[in-house]
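Before any comments, here is the structure.
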Amino acid sequence: MPAHLPTSPTLLILGGTGEGFALAEAAVERLGGEIAGLRVITSMAGRVATPRLPAGELRVGGFSRADCSGSEGLAHYLRDQAVAAVIDATHPFAARMGWNAAAACAQAGVPLLRLERPAWQPGPEDRWEQVSDWPAAAEALRGRAHRVFLTVGRQELAPFTALDDIWFLIRSVEAPDASLTFARRELLLARGPFHLEDERALLRDHRIDTIVCKNSGGTATDAKLTAAREQGIRVVMLARPARPDLPAVPKVAAAVAWARDVLRAG
Ligand code: NAP
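Using this note's numbering, the first residue of the sequence shown is number 374, and each one after it goes up by one.
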């Protein structure tokens, strides 16, 4: 028998991000005392072998099965667990889950909110070129860049390997696949946050003329953009994938307030 009542007010967080983790903590802490029997469940895709354990409950893995799609599987899960509210806190570059969540919540009649850090916006002094996929980013370098700082994630490097005339500084958290060969590259293993002084020095010391990155938003990795602006360096920026048109908030506190209203009303 489950420890919770079948009618326990239940919030499902689609996580896998720092925001999702912070939201679970805040929801348990702030709403736990107010809403009797509250369950806060975080769902993760299961890409990371040892994820940080969020407050509340954790479930892991996609919702698709041999006999149903991800959105149908999620709709079943919402009904089975009597979920009263869903907050999509997946990463801005997680392209599919938001659409599945929108379809499943519409099908199951469950309110859905998007929690998303705002995208970075270029200012008048920025030299950005926005692209919609990595091959387009590689094309934007051909014949126009010599020394490139690639901060795209180790799984996105393949389109750049053909650019033999370019020297790359590749920064990633974990080492890229050894089968990816670059004619000329230096590898820098590092995890943010990165500080402005260090980013300024990195760009200057390596005589970088172009940065390639994705529009993650937030403050952990935006110092390179400030340094690029100061030094007149071009930025090839991957735009975020399209998302369903949903109510969205940028901050955890606003998401908690929304959950409070929905769970109380339910
Ligand atoms: P995606 O393209 O949106 O999702 C692919 C599939 O993974 C989904 O169709 C779903 O499978 C499953 N999935 C994704 N998020 C899930 C969740 N929170 N709970 C249960 N299943 C989930 O996402 P992705 O780019 O593969 O990223 C996977 C996860 O890593 C996301 O949760 C995201 O927040 C996190 N993440 C992604 C990035 C990035 O740059 N893409 C960066 C940091 C963290 P089913 O269809 O079987 O349900």
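Built from N, CA and C at the ideal position, the CB exists for glycine as well.
For a quick check, are the C-beta atoms of Leu-486 and Ala-628 less than 8 Å apart? Sequence index remark: in the sequence shown, residue 486 carries index 113 (1-based). Sequence index remark: in the sequence shown, residue 628 carries index 255 (1-based). Yes, these two residues count as a Cβ contact at 8 Å.
Classify Asp-506: buried if its beta carbon has 16 or more other beta carbons within 10 angstroms, exposed otherwise. As a working mapping, residue 506 is identified with position 133 in the sequence shown. Under this definition Asp-506 is an exposed residue.
Would you tell me roughly how many angstroms separate the C-alpha atoms of Lys-624 and Ala-632, rounded to the nearest one? For the purposes of this step, residue 624 is taken as residue 251 along the sequence shown, with counting starting at 1. For the purposes of this step, residue 632 is taken as residue 259 along the sequence shown, with counting starting at 1. The straight-line gap from Cα to Cα measures roughly 13 Å.
Return helix, strand or coil for Arg-602, following the three-state DSSP convention. Numbered from its first residue, the sequence shown carries residue 602 at position 229. Residue state, collapsed to three classes: helix.
Just verifying my parser: in three-state terms, what is the DSSP assignment at Asp-453? The count along the sequence shown starts at 1 and reaches residue 453 at position 80. In this structure, Asp-453 counts as helix in the three-state DSSP scheme.
Does the segment 598-616 come close enough to the segment 493-507 to have 3 or more Cβ pairs within less than 8 Å? yes
Report the three-state DSSP secondary structure of Arg-616 (helix, strand or coil). Looking up residue 616 in the sequence shown gives position 243. Here Arg-616 sits in coil by DSSP.
Straight-line CA distance for Arg-520 to Ile-606? Along the sequence shown, read from residue 1 onward, the residue named residue 520 stands at position 147. Along the sequence shown, read from residue 1 onward, the residue named residue 606 stands at position 233. If I take the Cα positions, the gap works out to 11 Å.
Rounded to whole angstroms, what's the CA-CA distance from Gln-569 to Leu-576? Just pull it up for me. Taking the first residue of the sequence shown as position 1, residue 569 is located at position 196. Taking the first residue of the sequence shown as position 1, residue 576 is located at position 203. In the sequence as displayed, the identity of residue 569 is Leu instead of Gln. In a straight line, the C-alpha of Leu-569 is about 11 Å away from that of Leu-576.
Which value, in whole angstroms, describes the spacing of the CA atoms of Arg-564 and Ala-548? What you label residue 564 is simply residue 191 of the sequence shown in a count that begins at 1. What you label residue 548 is simply residue 175 of the sequence shown in a count that begins at 1. Answer to the nearest angstrom: the Cα atoms are 12 Å apart.
Cβ pair count under 8 Å reaching 3, the segment 417-435 against the segment 388-397: Inter-segment contact for the segment 417-435 and the segment 388-397 is present: three or more beta-carbon pairs are separated by less than 8 Å.
Just how far apart, CA to CA, sit Val-401 and Val-413? Residue numbering aside, residue 401 sits at position 28 when the sequence shown is read from its first letter. Residue numbering aside, residue 413 sits at position 40 when the sequence shown is read from its first letter. Using only the alpha carbons, I get a separation of about 7 Å.
Quick one: does the C-beta of Ser-381 sit closer than 7 Å to a heavy atom of the ligand MG? This structure simply doesn't include the ligand MG; it includes the ligand NAP instead.
Taking the continuous beta strand (DSSP E) assigned at Trp-540, which residues delimit it? To locate residue 540, count along the sequence shown from 1; it is residue 167. 540-545 is the span of the beta strand (DSSP E), which, as asked, contains Trp-540.
DSSP three-state label for Arg-432, please. Position 59 of the sequence shown, counted from the first residue, corresponds to residue 432. Looking at Arg-432 - three-state DSSP - the assignment turns out to be strand.
Could you tell me which residues DSSP pairs with Ser-416 in its beta bridges? Reading the sequence shown from its first residue, position 43 is the one you call residue 416. Paired residue(s): Leu-387, Arg-432.
Closest residue to Pro-566 among Thr-380, Gly-391, Gly-446 (Cα-Cα distance): Locating residue 566 in the sequence shown gives position 193, counting from the first residue. Checked all of Thr-380, Gly-391, Gly-446; the closest Cα to Pro-566 is Gly-391.
Quick check: Val-459 and Ala-474, are their CB atoms within less than 8 Å of each other? In the sequence shown, residue 459 corresponds to position 86, counting from 1. In the sequence shown, residue 474 corresponds to position 101, counting from 1. The answer is yes: Cβ separation under 8 Å.
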